[in-house]
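This report refers to the structure that appears directly beneath it.
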Amino acid sequence: MPRPTTQSRLDDLAAAFTELGPAWGKWITACTPAASVSYPRMRLLRVLDQDGDRTMTQLAYSLNVTQRRITSLVDALTEDGFIDRRPNPADGRSTVISLTELGRDHLHLIWQQFQADIAAVFGDLTVEQQKQLLDITPSLTQALRRRTAARVGGE
Numbered sequence: 001m002p003r004p005t006t007q008s009r010l011d012d013l014a015a016a017f018t019e020l021g022p023a024w025g026k027w028i029t030a031c032t033p034a035a036s037v038s039y040p041r042m043r044l045l046r047v048l049d050q051d052g053d054r055t056m057t058q059l060a061y062s063l064n065v066t067q068r069r070i071t072s073l074v075d076a077l078t079e080d081g082f083i084d085r086r087p088n089p090a091d092g093r094s095t096v097i098s099l100t101e102l103g104r105d106h107l108h109l110i111w112q113q114f115q116a117d118i119a120a121v122f123g124d125l126t127v128e129q130q131k132q133l134l135d136i137t138p139s140l141t142q143a144l145r146r147r148t149a150a151r152v153g154g155e
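In full-length UniProt numbering, the protein residues as written are 1 to 155.
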């Protein structure tokens, strides 16, 4: 059997990750607790919990979503009472988003179980595969970030 060429191996990896992305997204959605906000809203709460107050632009960048999408997420979470918005004292043209106590309490209530549910899928891998994935993932993530920045002009 002929050895695969470097390009065919790279093509096989691209195909495998093209399949992995949607499967991972569906798994995340399936693990989102029914009593919780949606996963995109949970991610926004998590960013505020980890990083503190953020402008709409900073949130959109952190979550890799459009300004229109961040506005709809912020509107919904504000309506739920999970976040507050206020004018940015440093720049009156922007808005600062803050996590409320209700939002923090909701996130802390569901986040640990959500993470445990997501992590369960890695139990289907051998310990050696888990270690390999842990070794490879940071390098791949960094390569993706570096190449994306180069492609989109260093954003």
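Built from N, CA and C at the ideal position, the CB exists for glycine as well.
- Positions of the beta strand (DSSP E) runs, each at least 3 residues long and wholly inside the UniProt domain "HTH marR-type" (10-142), are given as 83-88, 91-99 in order along the chain.
- The C-beta separation of I97 from I83 comes to about 5 Å, placing the pair in contact by the 8 Å criterion.
- Y39 and T29 do touch by the CB rule: their CB atoms are close to 6 Å apart, below 8 Å.
- Sequence-distant Cβ neighbours of L44 in its own chain, meaning closer than 7 Å and more than five residues away, are L59, L63, L73, L77.
- I110 places its beta carbon less than 8 Å from that of S36.
- At the C-beta level, P89 and T95 stay beyond 8 Å of one another.
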